[in-house]
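Chemist: Residue numbers (the numbering used here): 13 to 512.
Every residue, glycine too, gets a C-beta built ideally from N, C-alpha and C.
All values reported here derive from a predicted model rather than from experimental measurement.
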Ligand code: AMP
Ligand code: MG
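1. Indicate, with yes or no, if the ligand ADP has a heavy atom lying under 6 Å from the CB of residue 194.
2. Would you kindly work out how many angstroms separate the C-alpha atoms of residue 40 and residue 274, rounded to a whole number?
3. Looking at the structure shown, is residue 329 part of a helix, part of a strand, or coil, going by DSSP?
4. What's the gap between the Cα of residue 211 and the Cα of residue 99?
5. Going by DSSP, what residues sit across from residue 109 in a beta bridge?
6. Put residue 77 into one of helix, strand or coil per three-state DSSP.
7. Run the CB neighbour count on residue 502, radius 10 Å, all protein chains shown included, and call it buried at 16 or more, exposed below.
8. How about residue 172 and residue 182: are their beta carbons less than 7 Å apart?
9. Please list, in chain order, all residues of the same chain as residue 131 whose beta carbon is under 8 Å from its beta carbon, the five residues on each side excluded.
10. DSSP beta-bridge partners for residue 181?
11. With distances taken between CB atoms, is the gap from residue 161 to residue 65 smaller than 7 Å?
12. Quick check: does the Cβ of residue 104 come within less than 6 Å of any heavy atom belonging to the ligand AMP?
13. Which value, in whole angstroms, describes the spacing of the CA atoms of residue 511 and residue 449?
14. Can you give the Cα-Cα distance for residue 442 and residue 399, rounded to whole angstroms?
15. Is it a yes or a no for the segment 468-480 touching the segment 122-137, going by three-plus beta-carbon pairs under 8 Å?
16. Terminal residues of the continuous alpha helix (DSSP H) containing residue 421?
17. With a threshold of 6 Å (Cβ to nearest heavy atom), would residue 315 be considered close to the ligand MG?
18. Given the structure, does residue 278 come close to the ligand MG, in the sense that its CB is under 6 Å from one of the ligand's heavy atoms?
19. Let's see if you can read the secondary structure: which residues bound the beta strand (DSSP E) around residue 148?
20. Can you tell me where the beta strand (DSSP E) with residue 97 in it begins and where it stops?
21. Any heavy atom of the ligand AMP inside 6 Å of the beta-carbon of residue 97?
22. Run the proximity test for residue 456: is its beta-carbon closer than 6 Å to any non-hydrogen atom belonging to the ligand AMP?
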């Protein structure tokens with residue numbers, strides 16, 4: 013029996029009907045080597061301190077599972093940029109088992125880029141080192157910001173070349189997720205595979221699985237499926253509010269890239285915004301701006317409406333009442349989102365919670381930032397510094413290239429901010445702001461630089477950036493400030509490619 017066998021348990025997915033997965037062949041890598049292993053996450057998950065063995069390396073590079081185990085490729089469907097695709101699934105990814113963490117919670121262990129599966133169609137089943145490292149950095153950055161996200165345990169290079177725009181090192185990411193069930197998994201279930209009855213049966217089996225694993229508090233309640241849908245809507249509304257508060261742009265919010273667990277999943281051409289632009293997109297193929305920053309809440313609702321359609325047979329005996337119920341629960345998104353966003357923004361701005369004047373002030377925020385093209389993260393950082401006693405110069409220099417005459421709107425904003433926060437305990441105000449405004453974020457140009465250097469074998473920047481992103485709110489130790497700084501004009505990266 014190999015040592016890796018004991019690290020992971022059989023996946024809970026195996027209890028689902030066979031329609032939901034297919035056994036996947038192993039594709040041992042020619043020359044696997046570690047690029048990064050996330051020791052801190054390994055500890056959180058309760059893995060032994062010496063878990064990163066050569067055996068594990070081979071397995072995480074796509075090699076054969078231990079005796080008696082099989083890797084699973086999961087089936088799903090989805091809307092990609094609005095287009096229905098009934099047959100997707102893990103074309104280049106496999107579930108290799110799960111971990112029960114010390115807190116009793118289960119986590120999927122999933123490889124991405126480990127070779128073609130039955131769902132690969134024309135794809136090569138592979139992934140490039142930069143794309144997997146991007147997911148590693150950004151998913152861990154999300155966790156550092158306390159935003160619900162899948163995590164990254166490791167990136168290994170396979171030793172094989174992968175061709176995209178150019179030849180790249182092939183790599184495999186080990187992704188850890190509470191669950192890999194997506195909105196697209198429900199869409200897949202609902203369409204049924206064999207006959208009229210199959211859809212609802214599969215949908216029910218999947219919903220029961222998700223309730224047991226991700227929403228145990230709902231199990232056994234009188235209307236579990238309506239409550240389940242409402243709970244998914246609520247988690248998504250909170251999640252998207254957190255994205256918006258961090259200036260995060262997911263980039264490809266297809267229904268197959270939205271997790272039922274409420275974790276941020278499938279980091280493709282995602283990025284944090286530098287200069288504020290509500291229409292910012294990063295994906296090189298999103299020419300219509302479908303997944304632009306400001307559209308994320310409405311796209312999330314669109315995706316959840318697709319989930320509601322898939323769940324309809326479980327929501328009532330007649331279609332009309334099921335639809336009414338689904339619509340009512342879906343509408344819940346707006347109020348949960350608005351409250352989570354307002355509450356988060358009150359903290360970022362150090363406002364008195366619940367002050368009736370806050371809403372109007374917060375409404376002025378985006379136009380103010382957009383008007384002067386302020387850097388998203390530095391806007392809040394400089395305001396926090398003012399709350400800590402700095403003068404206004406640093407804040408005003410953020411706008412319109414720092415020209416003093418362009419500061420009418422910004423100065424007025426600042427004056428109103430002072431008025432709104434005047435009677436608040438300054439220590440409380442500062443504490444709120446410091447705890448919710450990151451100092452170091454995964455700036456796109458630094459991420460790109462770290463990926464380029466890693467591809468050349470230099471992991472220094474990747475490691476320094478990853479370490480800083482673990483504590484993004486902490487005042488960094490004195491040293492180079494390059495991780496905090498926004499890009500200079502020639503460093504701006506406005507597009508990240510889908511060639512993953
Ligand atoms: P993504 O854009 O990563 O969310 O992937 C969308 C779909 O395309 C999923 O079903 C993937 O499994 C599949 N896919 C993406 N890249 C590849 C690849 N290189 N080989 C096979 N399937 C892929
Ligand atoms: Mg995907």
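Modeler: On the basis of the supplied data:
1. For the structure depicted, the ligand ADP is absent and the ligand set comprises only the ligand AMP and the ligand MG.
2. 33 Å
3. coil
4. 15 Å
5. 121
6. coil
7. exposed
8. yes
9. 34, 85, 87, 99, 100, 101, 102 and 103
10. 173
11. no
12. yes
13. Reliability of the predicted coordinates at residue 511 is poor, the pLDDT of 49 falling under 50, and the value obtained from them is presented with this limitation in mind. Approximately 32 Å between the Cα atoms of the pair.
14. 6 Å
15. no
16. 420-433
17. no
18. yes
19. Element bounds for residue 148: not the beta strand (DSSP E) but the alpha helix (DSSP H), 141-156.
20. 95-97
21. no
22. no
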